[in-house]
Every structure is written in structure tokens, then in C-alpha cells.
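Protein chains in written order, with my numbering: chain A, 1 to 319; chain B, 1 to 446; chain C, 1 to 358.
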Amino acid sequence: MFEQFFSQDYMVAFLNSIIRMSTPLIFCAIGALIADHAGTMNMALEGIMLSASFAAVYFSALTSSMWGGIIGALFGGCIISSLLAYFHLFKKSDLIITGIALNTFASGGTSYLLFLTTGEKTTSRLLRSLQAPQVNIPYIQDIPILGEVLSGHNVLTYSSFICIIIVYVLIFKSRFGLRVRAVGHNPNAANSIGLNVRKIKFRALLISGAFASLGGAFMSMGYLSYFARDMIAGRGYIGLAAATLASGKPFGTLLAALGFGTANAFSITLATMNLNADLVAMLPYAATILGLVLISARKLAIEKGKTKLVNKIMEEKKL
Amino acid sequence: MVHQHFMLVEQLTVAENVVLGREPKKNGLFDFEEAVRITGQVAQHYNFKLDPRVKVEDCSVGVKQKIEILKALLRGAKILILDEPTAVLTPQEVIELFEELKKLRDMGHTIVFISHKLNEVMAFCDSFTILRKGRVAQEGKIADYSEQELSNFMIGRVLSKTKKRQNKGERGEEILRVRDVSYTNRQGKKLLESISFSLCKGEIIGVAGVEGNGQNELSELITGLARFSQGDITVDGVSIKGKSVRQIRDMGISNISEDRMVFGCSATLSVIDNMIADRYYKQPYSNYQCLNTKVIKREVKELVGRYEISCPDEASAISMLSGGNIQKVIVAREFTGGAHVVVANQPTRGIDVGAASFIHDQLIQMTADNDAAVLLISADLSEILSMSDAIIVMVGGEISAYIEDASKVSELELGEYMLGVKKMDSSEIIKALHSAKTNGFKVVSE
Amino acid sequence: MRFAKRLLKNFDLLRVICAVLIGFAFALILLLFISKDPMNAIETFVLGPFKSRRRFFNIIELMIPLVFTSLGMCMMLSVGKYNLIVEGGFMFSGAIVAWLASSVFSPEMPAVVSPTLLIVVGALVGALCGVVPALLDVKWRANVVVITIMLNYILANASTFVLRYWMRDTTVTYLGSQKIAKSAKLHSIIAGTSMHTGVFIAFIAVLFTWWFINKTTKGYEVRLTGSNIKFAHYVGINTTAAMILAQAMGGSLAGIGGAVEILGKYDRFLWVNQTGYGFTGLMIAVLVNYRPELTPLVAFLFAYLQIGANIVGTTTDVPTEFVLVFQSVIILLVAASLFMSSLKKRLAIKVSMAEAEG
Chain A
1 MFEQFFSQDY MVAFLNSIIR MSTPLIFCAI GALIADHAGT MNMALEGIML
51 SASFAAVYFS ALTSSMWGGI IGALFGGCII SSLLAYFHLF KKSDLIITGI
101 ALNTFASGGT SYLLFLTTGE KTTSRLLRSL QAPQVNIPYI QDIPILGEVL
151 SGHNVLTYSS FICIIIVYVL IFKSRFGLRV RAVGHNPNAA NSIGLNVRKI
201 KFRALLISGA FASLGGAFMS MGYLSYFARD MIAGRGYIGL AAATLASGKP
251 FGTLLAALGF GTANAFSITL ATMNLNADLV AMLPYAATIL GLVLISARKL
301 AIEKGKTKLV NKIMEEKKL
Chain B
1 MVHQHFMLVE QLTVAENVVL GREPKKNGLF DFEEAVRITG QVAQHYNFKL
51 DPRVKVEDCS VGVKQKIEIL KALLRGAKIL ILDEPTAVLT PQEVIELFEE
101 LKKLRDMGHT IVFISHKLNE VMAFCDSFTI LRKGRVAQEG KIADYSEQEL
151 SNFMIGRVLS KTKKRQNKGE RGEEILRVRD VSYTNRQGKK LLESISFSLC
201 KGEIIGVAGV EGNGQNELSE LITGLARFSQ GDITVDGVSI KGKSVRQIRD
251 MGISNISEDR MVFGCSATLS VIDNMIADRY YKQPYSNYQC LNTKVIKREV
301 KELVGRYEIS CPDEASAISM LSGGNIQKVI VAREFTGGAH VVVANQPTRG
351 IDVGAASFIH DQLIQMTADN DAAVLLISAD LSEILSMSDA IIVMVGGEIS
401 AYIEDASKVS ELELGEYMLG VKKMDSSEII KALHSAKTNG FKVVSE
Chain C
1 MRFAKRLLKN FDLLRVICAV LIGFAFALIL LLFISKDPMN AIETFVLGPF
51 KSRRRFFNII ELMIPLVFTS LGMCMMLSVG KYNLIVEGGF MFSGAIVAWL
101 ASSVFSPEMP AVVSPTLLIV VGALVGALCG VVPALLDVKW RANVVVITIM
151 LNYILANAST FVLRYWMRDT TVTYLGSQKI AKSAKLHSII AGTSMHTGVF
201 IAFIAVLFTW WFINKTTKGY EVRLTGSNIK FAHYVGINTT AAMILAQAMG
251 GSLAGIGGAV EILGKYDRFL WVNQTGYGFT GLMIAVLVNY RPELTPLVAF
301 LFAYLQIGAN IVGTTTDVPT EFVLVFQSVI ILLVAASLFM SSLKKRLAIK
351 VSMAEAEG
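So, in C-alpha cells, the structure goes:
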């Protein structure tokens with residue numbers, strides 16, 4: 001059984017699937033990351049991705065072009081994220097409740113639109129939608145094993161890796177990013193020097209939604225070639241967890257998302273081998289909980305440590 | 001404008017904070033090196049010593065203040081408004097700040113220095129405006145007036161209220177003893193330094209002082225909300241060290257908090273729920289973990305009547321009431337729970353005259369039969385003078401004066417103590433404490 | 001004038017009613033677009049659930065799990081914690097109870113004792129589920145929302161694990177457990193419908209939660225901690241204990257819900273995905289503003305909508321999911337604190353002006 005697993009073909013397929021599985025998570029985690037820096041929590045990522053994946057299929061079929069699909073996905077995702085931003089920033093509603101309500105909204109809304117546009121209740125196979133193309137990277141594809149693992153992925157998969165760099169630049173190197181971080185960490189301070197806190201948060205949430213939308217587009221234009229009901233299946237929440245785990249660092253986010261992707265691929269592989277897939281599937285979640293607890297425990301310890309140190313110094317001075 | 005509480009983003013670097021809102025750009029991106037250069041340049045120009053590359057959270061309070069000033073200067077500010085800038089600084093940092101501000105003045109900037117510390121104003125300012133109760137009380141050149149005169153302007157004439165309370169001359173036994181208590185906050189600033197006094201049954205001690213000189217901390221320590229690092233506090237001879245808030249309350253201490261909407265009540269809950277917060281677990285308000293609604297309702301109704309609280313009905317949310325009535329609910333709760341010591345922190349601030357007068361009468365009633373004692377913390381001098389038997393003046397976390405007989409002090413003299421113009425030395429304070437407490441009160445002197 | 005005053009006093013109710021009406025209008029518009037025979041679809045949706053006895057009791061039956069999960073969420077939210085474990089706790093308790101009911105409990109056991117025992121087990125399992133994130137929160141201040149969402153996945157996987165490896169019935173083609181012992185099941189109370197005694201348990205749970213929150217000292221501590229934790233600390237309440245207790249109770253209510261659902265409605269354990277009852281419970285809890293005594297009303301509303309949508313889905317050409325849009329629009333509007341705030345302000349001004357005059 002294990003011999004089969006360690007065979008070369010199997011390994012290649014396995015590594016290949018890791019990259020494939022990670023793609024939507026990376027996009028989504030980027031979205032969560034941006035919202036996090038703006039001091040908000042994007043609970044609606046699940047709904048954003050879902051409506052984006054539907055819009056991708058619908059618009060690519062409508063325009064018969066891949067770009068139509070991508071732009072449609074951005075549009076579909078941004079509807080949900082702007083609703084979230086509007087209700088949170090202008091109607092003072094709670095982020096978590098609004099996020100969960102919007103996820104439900106997207107789930108119901110996409111099923112409704114699916115039926116309205118195709119007459120189908122579960123999938124959009126009848127729509128002649130397009131897929132994002134696969135890309136073979138010259139030179140790399142000729143390297144024996146590495147080529148097979150790294151080359152031949154969907155164009156969106158490569159984009160997700162590029163997006164990590166883009167988001168790093170956006171947050172840490174651009175003027176907008178600086179303002180987003182200022183608004184996220186201390187809105188009062190940002191307000192006192194004349195920054196429009198609401199506007200910046202609104203934009204950050206929209207951009208957050210746009211990245212997550214690309215993840216949604218990948219689901220229906222790369223991972224599968226059609227839209228299926230509730231096809232995001234919790235990836236939005238996992239992306240959120242990945243970003244929380246990385247506590248705001250883009251490359252950490254990438255690693256966390258890849259970790260989830262690996263665990264995902266692993267559990268599917270094991271399931272085909274008739275191994276105990278349910279237990280393996282728990283691993284990424286358990287790891288996240290452990291990671292989150294460790295991170296917050298460390299923060300707490302640092303805080304306490306500082307106080308203790310100060311007290312100690314004061315006592316010594318007294319003596 | 002430099003706020004009393006800094007408006008800085010702790011997680012960003014000094015340079016980023018300084019240029020925020022008018023960031024330099026290169027190739028469409030934020031140019032950090034340029035920001036560092038600008039910050040360094042401005043800092044050098046004004047002779048501020050700081051490193052633009054470190055994160056603000058790693059800077060000392062003094063440096064943070066400089067960053068705030070730099071922010072304003074970079075935006076071309078000609079007039080700098082500093083709101084209590086020295087409140088958070090150590091003495092050395094204060095000297096440094098003054099040096100820098102003087103340089104700014106010499107370079108042609110105008111500095112508005114908001115402070116209640118007279119000695120600092122005297123040492124640093126050229127002219128002054130004194131505000132009292134929202135009106136200009138006096139303005140002029142510092143050089144033309146003495147510290148004494150300024151102090152008198154600040155205090156003004158306290159309307160000669162009839163003294164509500166007559167000194168009874170006799171007191172009950174000692175109930176609260178605070179001995180050599182010091183307290184350091186999380187940021188490492190010493191907020192209380194060797195506080196000692198004692199309180200007897202039937203007595204009201206007023207704690208006078210400008211707000212933020214350690215009074216809140218003192219009340220938090222006595223009620224167990226904060227833990228003291230040194231010294232001891234005893235109630236009826238039993239130390240409260242290490243005891244929980246509930247245990248301390250059960251020992252007979254109650255507390256009117258200075259911030260009534262944060263600590264004094266829960267805005268969304270009903271008057272009933274707010275009224276029973278200190279006693280719901282006791283007989284007869286509950287039996288076997290179940291609330292005895294009938295008893296509670298009757299009791300609350302009775303208290304609402306006795307304390308003349310006007311509310312639509314007892315089940316409505318407390319936030320529907322006026323400030324004065326909310327405070328009356330809190331007073332009713334804290335006074336009727338069988339307390340021997342009431343720590344009343346700003347009990348009448350921001351409420352209407354009628355309610356304030358009512359609360360004063362209740363305070364006096366509390367001590368009338370020598371059963372309870374009151375520690376009245378207030379920034380309102382007339383309140384302190386008309387209510388107290390003895391007065392403690394706090395400045396910078398220390399007792400700067402102990403006035404044994406409140407009727408023998410004028411408001412002007414008290415004001416001079418509060419503003420740090422006059423100060424008793426420690427031997428005087430100890431002497432006063434000794435003569436006040438004949439029953440063997442010892443002060444640990446250094 | 002008196003009308004304005006009364007409106008102002010019941011403004012929260014007015015808001016909810018307006019939100020429901022807007023949501024309803026939304027749903028009708030959706031039906032209008034999608035159906036070839038919209039009038040028929042709307043009629044089926046609105047009146048369908050009341051057209052037969054069976055359908056009406058379907059509503060009641062669907063209400064039961066919703067009441068339990070919304071009570072659970074009320075407990076969580078009463079201490080201000082978004083502890084979403086209700087979702088996973090419901091499912092996992094169901095799985096454990098089903099496992100015990102299908103393996104340990106034999107058909108010969110007395111009929112009342114077995115379900116009682118099993119429901120207690122469900123409560124304990126649920127409480128455990130609720131306490132874990134609560135502890136992580138108070139001890140290390142870990143993000144409760146993310147932690148509980150992750151825990152929900154773990155619990156869902158654990159439930160499938162229990163199903164697949166501990167109680168799978170290999171004689172059936174689908175993934176299902178062994179049959180649950182007859183003696184363990186909750187009885188049907190009305191012949192010809194699937195109404196079971198669980199409805200009484202749900203009723204008791206509502207009463208108990210209401211009683212706990214409003215009439216006990218511990219419930220009082222929970223309320224005080226949730227509404228203003230600084231004040232609670234100031235009057236000497238152990239706020240940590242209150243938070244853990246509330247979340248343990250929230251979890252156990254969900255656990256009882258899972259047990260009742262399995263024992264009342266199913267012959268076998270069949271869940272492989274999260275049930276979604278927890279999230280619906282959150283929505284209901286928000287709608288009733290965390291007041292347990294009102295949960296049955298809103299749970300009935302949600303169940304009615306769902307059953308109506310189901311009937312529309314089976315008898316006409318429309319998919320049932322449009323009802324989710326309806327529900328989420330209501331929540332969006334109610335959760336938005338500024339929804340209708342200008343009207344409230346106007347009313348308040350009018351009332352106070354009149355009071356000043358008279």
C-alpha cells in the first residue's frame with residue numbers, strides 16, 4: 001500500500017494536487033489578510049467566493065471569453081463584500097453576524113440564479129462556460145519530476161503565487177497599505193491626521209473581496225469546469241483561519257494555505273487507499289487551533305513579561 | 001494639537017507615523033527611505049533625538065511625545081497646543097521637553113501649554129489665561145503675577161455655602177487603615193507613593209486634589225479592583241491583601257465609582273438588576289441559588305422611593321434615566337448594602353444640583369450614628385470643604401497635606417496645596433496624623 | 001401621540017417586523033421572476049404549510065432542533081461570545097448518542113430510561129464541546145470565532161469517523177449507522193405524523209433557559225458579565241466562571257438538541273456534513289435579541305419558511321434555496337443597528353416635544 005504511495009508517479013500526482021488544492025485557499029487567505037490589516041474580519045469570504053464562482057461561469061458563458069468570466073467573478077464577489085462593508089461601516093452592524101448572513105445569502109442567491117439562468121438545481125454543466133487555460137512553463141516543464149509538478153497548472157494557480165507578492169507590496173510598500181495598517185491598528189490616530197477611516201476600510205474590504213473572488217473563479221474555471229451548489233464547502237473559513245494563523249504576514253499566509261492544501265490532498269489520497277481519512281482530515285484544523293492558541297498565548301506572555309520586567313526594575317530601583 | 005493620549009499607530013515605525021497622511025512616493029509606491037530622511041531632517045532641525053526606523057511601540061513615552069510634536073511640525077504647524085504634556089513624563093523627560101519647547105519658541109512657534117501644574121507654568125510660560133468653569137477668569141503676563149496670585153485666580157472664590165456638616169468632635173473606632181501603600185501601573189509609572197492614613201467610624205475624610213493625581217488608583221486599591229505592590233490596607237484590623245473584590249465588599253467596603261456608566265452600572269439592564277448587583281447572592285434576595293423576585297422587587301421599590309429616584313418603572317433599562325437618577329440608583333445600592341466604609345469617588349460630578357444635594361445629605365446620614373465612615377474623593381473644593389471632617393490633599397500620587405480639622409482651612413490655602421504651591425513636609429503630615437488618631441496609629445517613616 | 005409613544009417603546013419589535021416584511025417582499029419578488037406560474041408558487045409557499053396536518057407538524061418538527069440551537073446561541077451571546085460550537089456540538093452529540101443507542105442500548109431496555117440517559121449523555125458531550133473553546137479564550141485569549149469554526153470541522157469529521165468505523169451498517173448501500181434501538185427512541189405523539197416527544201423537551205428547555213437567565217443567581221451573573229464585564233468585576237462577580245458556565249450551558253443545549261433530533265426523527269445516523277442548524281440558531285438568537293422565551297416564535301417562523309420552500313420545491317418548478325435569501329435579508333436588516341434609526345430619532349423627538357408641552 002505504501003509502496004504505491006511512494007512510487008514516482010504517485011508522488012508527482014500528489015504534489016500536483018497539493019498545488020491545485022491550495023490555490024483557492026491562497027486567494028482567500030490573501031483576502032482575509034487584507035481585511036485583517038484594516039482591523040476588520042471578513043467573515044463573508046465564503047459567500048464572496050461562492051458568488052464569484054457562479055458569476056465566473058455565468059459571465060464566461062455569456063461573453064464566451066475567459067476574461068469575461070474573471071471580470072464577472074470580481075463583480076460577483078465584490079457585490080457581497082461591498083454589502084458587508086456597507087452594513088458594517090455605514091449601518092454599524094456586527095461583522096460576524098453580517099458575514100454569516102451574507103454567506104447564507106450567497107448560498108441561496110447563487111442557487112436561485114443558477115436555476116433562473118440554467119433551469120438546473122445542482123450544477124451548471126449545461127452552461128457552455130470556459131475554463132482558465134493551463135500554462136506550461138518553458139524550460140521548467142522539461143525538467144523530469146519537477147517539471148511535472150510545477151508546470152501545467154491553471155493560469156490562476158500561478159496568479160495566486162504572484163498575488164502573494166502583489167499583496168506584500170500593496171500592504172507593506174504602498175501608500176495605500178500604510179494607510180490601511182494605520183487605520184487598522186489605531187483608527188483614532190488615523191482620523192486625527194485627517195485620514196478618512198471609513199473610506200479606507202471600505203476600499204480594503206473591497207480589495208479583500210476581489211482577491212477572494214479570484215479564488216472563487218478558480219473553483220469554477222479551473223478546479224472544476226462548472227458551478228455546483230455550495231461548491232466552496234468551507235474554504236472561505238479555512239482561508240480566514242490561514243490568515244489568522246499567519247498573523248498578518250503574507251508569506252506566512254502562503255505557507256499556512258499550502259499547509260491546508262497539503263492536508264486536504266493527503267486526506268483525499270488516503271481515502272483512496274482506504275485509510276482512515278476522517279482522522280487525517282481533522283489534522284489541519286487541529287493544527288490551526290494549536291497554532292492560534294500558541295500565538296495568542298505568546299502575545300499574552302509578552303504582555304505579562306513586560307509588566308513583570310517593569311515591576312522588577314522598579315523594585316530594584318527602590319532597593 | 002498634541003493630545004493628552006497619544007494618537008500614534010504603535011505597530012508602525014517612527015518615520016511612518018510622522019509622514020502618515022502625506023507620504024512621499026517613488027514609482028507609485030511608498031518611499032520609506034525618503035520618509036526616514038524627512039523625519040531625520042525635521043528632527044535634526046529642531047534638535048530632537050530619535051531614531052526614525054524603530055517601531056513606536058518600542059519607544060519611551062517621552063519619545064512618543066516628540067513624535068507627536070514632529071507630526072505637527074511637519075504639517076507646518078505654527079501653533080502647537082499641548083494638552084497636559086507632562087502628565088505622563090518623568091521629571092527628567094519634563095526638563096528635556098521644556099528645553100525643546102523653548103527652542104521651538106525661539107524659532108518663532110507659538111506654544112499653547114494646557115496644564116494645572118502651576119510650577120511648570122511659572123517656569124516655562126510667558127503669558128497665561130486661566131479658565132474656570134468654562135470662562136476666562138484671568139489673563140496676563142506671568143512676570144506680573146506671583147504663584148500665589150495665580151493660584152487664587154484658579155481656585156476663585158468658593159461660593160460660601162453653609163457648611164453642611166458640623167464637626168462632631170467624637171469619633172468611633174478606627175475602621176480603615178491605609179499604611180505606606182505604593183502602586184506602580186503596567187507602564188512602570190509610580191502612581192501612588194507611601195500613602196498612609198486612617199479612617200474612623202463616623203468620620204468623613206475628604207481627598208482633595210486635581211484629577212489624575214492618584215485618587216482613582218487609591219480608590220481602586222481599597223476596593224480590590226487593583227493590587228498594591230507595597231504596604232497594607234486593613235479593614236477592622238484585617239488585611240485586604242490578596243482578597244477578591246467580593247471578599248472585600250463582604251468585609252464592608254462599598255464604592256461609588258468615578259465613571260458611573262463603565263463601572264457603576266450596566267446600561268442595558270433594568271433598574272432592578274442594577275440595584276441588586278451587590279446583594280443578589282445574599283439572603284433573603286436569593287435562596288438556593290434562585291433569585292427571590294418578590295423580595296427583590298419590594299426592596300427595589302422601597303429604595304426607589306427612599307432615594308427619590310424618578311423612573312418610569314423599575315423594570316425599565318437604567319439608561320432611560322437621567323444622570324442624576326442613575327447616580328442615585330448607584331448610591332442607593334452602595335449605601336444600603338451594610339457597608340462600613342464608603343469610598344465615594346466623585347459622587348456628584350456631572351449631575352444636577354438637586355441630586356447632588358440629596359447625595360450629600362445621604363453621605364452625612366451614613367456617618368450620623370457612628371456606624372460607617374466615608375472617604376470622599378472629589379475635585380470640587382466646595383464639596384470637600386462642606387462635607388469633610390479632615391482633608392487629605394494628593395499631588396502626584398503623594399499626600400502633600402493632611403488637614404486635621406477641615407473647618408480651619410480656607411479654600412485658597414487648600415488650593416495652594418492642590419496646585420503644589422505649598423506642601424507640608426513629611427514630619428508635619430506625620431504630626432497631624434498622630435494628633436488626629438490618638439489610638440496608637442503608627443506611621444512607618446523612612 | 002400615544003401611538004407614537006407606544007411605537008417608540010416597542011421599537012425593537014417594529015424593526016424586526018419591518019425587516020421580516022421587507023424580506024417577505026424580497027422572497028415574493030424572487031418567486032415572481034423564477035416561476036412560470038408565480039401566483040401558484042406564492043400561494044403554495046405562503047399557505048402550503050397549513051394545508052395538511054402532516055405539513056403543519058413538519059414545521060413543529062423542524063422547529064425542535066432550531067429551538068435548541070438558538071437557545072444555545074442565546075447562552076453564548078448572553079456573555080458576548082461568538083462561540084459557534086453549537087453547530088458542531090449538535091452534530092457530534094447526535095453521533096455519540098446514535099452510537100450508544102445503536103450498540104450499547106438493547107431493545108429490551110426500559111423505554112423511558114434509555115432516551116433520558118442518552119439525552120443526558122448528549123448534554124454532557126455538548127457541554128464539553130462548549131467548554132473547550134471557552135477555556136482557550138479565557139486562558140489564552142484565542143480568537144473564539146475562528147477556533148470554533150475549526151472545531152466544528154473537527155467535530156464534523158469526528159462524527160463521520162464514529163459513523164464509519166464504530167457504527168456503520170455494512171448491509172445497506174448508503175453510509176448509515178446501525179439501527180437505533182427502538183427502546184431508545186422518542187415516541188411519536190400524534191399518529192400519522194412524525195411528531196415526537198422531543199417537542200416537550202424543547203418546551204422544557206425554553207422554560208429552563210428563561211428561568212436560568214432571569215431567575216437564578218448564576219444567570220444573573222451571566223447577564224451582568226455579558227452586559228458590562230467591568231461592572232460585573234466591580235461588584236465582585238467571578239466573570240471568568242460566569243463566561244465558562246454560560247458557554248458550557250450553550251454547548252449542552254446544543255448537545256441535547258442533537259440527541260433529541262437523532263432519537264426523535266431518525267432510524268439511523270446519516271449526517272456526513274454540518275447540519276447548518278447552528279448557524280440558523282445564531283440568526284434566530286440575533287432576531288430575538290438573546291431572549292430565550294422568544295426563540296420558539298422565531299424558530300417557528302424559520303421552520304415555516306423552510307417547509308413552505310420545501311413544498312414549493314417539490315410541487316412546483318422552483319428550487320427551495322430562495323428561502324435562504326429571505327432569511328439572510330431579515331438578519332442583515334436586524335443586525336444593522338442603524339436600520340430605521342432615523343425614524344426612531346424622529347419618533348423620540350416627537351414624543352419628547354409633546355411631553356415638554358404637556
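Beta carbons: idealized from backbone N, C-alpha and C, even for Gly.
Around the C-beta of residue i, are 16 or more other C-beta atoms found within 10 angstroms, so that it is buried, or is it exposed?
i	result
THR184 (chain B)	buried
LYS49 (chain B)	exposed
GLY219 (chain C)	buried
ALA25 (chain C)	exposed
PRO312 (chain B)	exposed
SER160 (chain B)	The predicted position of SER160 (chain B) is uncertain, since its pLDDT is 49 and thus under 50; no value can be drawn from it.
ARG298 (chain A)	exposed
VAL273 (chain B)	It should be noted that the sequence gives Asp, not Val, for residue 273 (chain B). It is buried - the Cβ of ASP273 (chain B) has at least 16 other Cβ atoms within 10 Å.
Ends of the beta strand (DSSP E) at residue i?
i	result
THR197 (chain B)	According to the sequence provided, residue 197 (chain B) is Phe. The question's Thr does not apply to it. Here the beta strand (DSSP E) through PHE197 (chain B) covers 190–200.
LYS141 (chain B)	135–141
ASP180 (chain B)	174–184
GLN230 (chain B)	230–235
VAL137 (chain A)	Rather than Val, the amino acid found at residue 137 (chain A) in this sequence is Ile. Element bounds for ILE137 (chain A): n/a, residue is neither H nor E.
GLU211 (chain B)	Careful: GLU211 (chain B) lies outside any beta strand (DSSP E) and carries neither H nor E.
Below 6 Å CB to CB, which residues in the same chain sit around residue i once its five sequence neighbours on both sides are set aside?
i	result
GLU334 (chain B)	SER254 and ILE256
SER139 (chain B)	Checking the sequence, you will find Glu at residue 139 (chain B) rather than Ser. Answer for GLU139 (chain B): THR129, listed in chain order.
ALA256 (chain A)	ALA242, LEU245 and ALA246
Where does the unbroken alpha helix (DSSP H) through residue i begin, and where does it stop?
i	result
MET394 (chain B)	Where MET394 (chain B) is concerned, there is no enclosing alpha helix (DSSP H), although the beta strand (DSSP E) it sits in stretches over 390–395.
LEU447 (chain B)	In the structure displayed, chain B extends from 1 to 446; residue 447 (chain B) sits before or after that span and is not available.
THR367 (chain B)	353–368
GLU99 (chain B)	91–106
LEU80 (chain B)	It is not in any alpha helix (DSSP H) - LEU80 (chain B) instead sits in the beta strand (DSSP E) that spans 79–83.
PHE128 (chain B)	Taken as a continuous stretch (DSSP letters only), PHE128 (chain B) belongs to no alpha helix (DSSP H), being part of the beta strand (DSSP E) at 127–132.
Which same chain residues end up closer than 7 Å to residue i when comparing Cβ atoms and leaving out the 5 residues on each side of it in sequence?
i	result
ILE446 (chain C)	Nothing about residue 446 (chain C) can be reported from this structure: the residues present for chain C run from 1 to 358 only.
PRO318 (chain C)	Pro is not the amino acid found at residue 318 (chain C); the sequence shown has Val there. Here the set comprises LEU31, ILE34, SER35, ALA41 and VAL312.
Select from the options the residue whose C-alpha is nearest the C-alpha of residue i.
i	options	result
SER378 (chain B)	B:GLU398, B:SER357, B:ASN370 and B:ASN345	B:ASN345
ALA35 (chain B)	B:GLU23, B:TYR46, B:VAL94 and B:MET394	B:GLU23
ALA189 (chain A)	B:GLU10, B:ILE205 and B:LEU218	B:GLU10
SER341 (chain C)	C:LEU14, C:SER103, C:PHE3 and C:ALA191	C:LEU14
SER316 (chain B)	C:ASN10, C:GLU293 and C:PHE269	C:ASN10
LEU419 (chain B)	B:LYS64, B:GLN362, B:MET394 and B:SER407	B:MET394
HIS452 (chain B)	B:GLU68, B:LEU385, B:ALA339 and B:ASP58	The requested residue 452 (chain B) does not occur in the structure, where chain B is confined to residues 1 to 446.
For residue i, collect the residues of the same chain with a Cβ closer than 8 Å to its Cβ; drop the 5 residues on either side in sequence, then sort them by chain order.
i	result
VAL57 (chain A)	GLY69, SER124, LEU127, SER129, SER220, MET221, TYR226 and PHE227
VAL298 (chain C)	SER70, ILE284, LEU287 and VAL288
LYS344 (chain C)	LEU8 and PHE11
Any 3 or more C-beta pairs closer than 8 Å across the region 189–198 of chain C and the region 247–266 of chain C: yes
Given 8 Å, three or more beta-carbon pairs between the region 239–252 of chain A and the region 285–304 of chain A: yes
The region 48–66 of chain C in contact with the region 132–147 of chain A per 3-pair CB rule at 8 Å: At 8 Å Cβ cutoff, the stretches do not touch.
Any 3 or more C-beta pairs closer than 8 Å across the region 221–239 of chain C and the region 140–156 of chain C: With the cut-off at 8 Å, the region 221–239 of chain C and the region 140–156 of chain C do not touch.
Meets three-Cβ-pair contact criterion under 8 Å: the region 4–23 of chain A and the region 173–189 of chain A: By the Cβ test, the region 4–23 of chain A is not in contact with the region 173–189 of chain A, since fewer than three Cβ pairs between them sit closer than 8 Å.
Any 3 or more C-beta pairs closer than 8 Å across the region 171–184 of chain C and the region 259–269 of chain C: yes
Validate contact between the region 291–300 of chain B and the region 259–277 of chain B using beta carbons, cut 8 Å, 3 pairs: yes
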